[in-house]
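Here the sequence shown is numbered in the working numbering, starting from 58 and rising by one per residue.
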Amino acid sequence: QVQLVESGGGLVQAGGSLSLSCAASGRTFDIRTMGWFRQAPGKEREFVAGLRWRGGDPNYADSVKGRFTISRDYAKNTMYLQMNSLKSEDTAVYYCSARLLESNYDYWGQGTQVTVSS
C-alpha cells in the first residue's frame, strides 16, 4: 500500500500562486505514476497534471498548461504542484494520486482545499 498526504492549500487572490505537496509513504519503491486531480463543488474529479515517478515528461490538462508545474523529489518521496496565475476556476479540492507498478489501482490522499478569490 501507499499512503499519501497533501499539504499547502489555502486562500489566494486571483493572479497569485500556491504550492502543494504530496508526501508518499509505504511502498514508494513500487510507485509507477503520480498525479494531481481536483474536484470543484458540483463537478466531477478531473485530471490536472501527472508524471512518471522514475522520470519522463510530465503531462498537464489544457486548462493549467503554462501556469502549473508538477515535479517530484525522488529522495523525499514527495510530489509538488506549483500553481501560478491562479484563476477563480481553479478553486477546488486538490487530491494527489499514485499508482503502483503492475497495478491499475489508484491510491488517493485526503485532499487539500484551494480557494482563489476574484
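The beta carbon of each residue, even a glycine, is placed where N, CA and C say it ideally should be.
Once DSSP output is grouped into helix, strand and coil, what is the label at residue i?
| i | result |
| --- | --- |
| Thr148 | coil |
| Asp163 | strand |
| Asp87 | helix |
| Ser175 | coil |
Do residue i and residue j have their C-beta atoms closer together than 8 Å?
| i | j | result |
| --- | --- | --- |
| Gly112 | Phe104 | no |
| Ala97 | Ala106 | no |
| Leu61 | Tyr151 | no |
| Thr126 | Gln139 | yes |
| Ser78 | Glu63 | yes |
| Val69 | Leu157 | no |
With a threshold of 6 Å on Cβ separation, who are the neighbours of residue i within its own chain once the five nearest residues in sequence on each side are excluded?
| i | result |
| --- | --- |
| Ser128 | Tyr137 |
| Thr85 | Asn134 |
Between residue i and residue j, what straight-line distance do the alpha-carbon atoms span, to the nearest angstrom?
| i | j | result |
| --- | --- | --- |
| Gly83 | Trp110 | 15 Å |
| Ala11 | Arg95 | Given a span of 58 to 175 for the chain in the structure shown, any question on residue 11 remains unanswerable. |
| Gly72 | Ser145 | 9 Å |
| Asn161 | Asp114 | 21 Å |
| Gly123 | Cys153 | 20 Å |
| Ala132 | Ser174 | 35 Å |
| Arg89 | Asn116 | 14 Å |
Closer than 8 Å by C-beta to residue i: which residues in its own chain qualify, once you throw out the five before and the five after it? Chain order, please.
| i | result |
| --- | --- |
| Gly67 | Leu75, Gln170, Val171, Thr172 |
Continuous beta strand (DSSP E) assignments of at least 3 residues falling wholly in the segment 73 to 142: Those beta strand (DSSP E) runs which fall completely within the segment 73 to 142 and span 3+ residues are 75 to 83, 88 to 96, 103 to 109, 125 to 130, 135 to 140.
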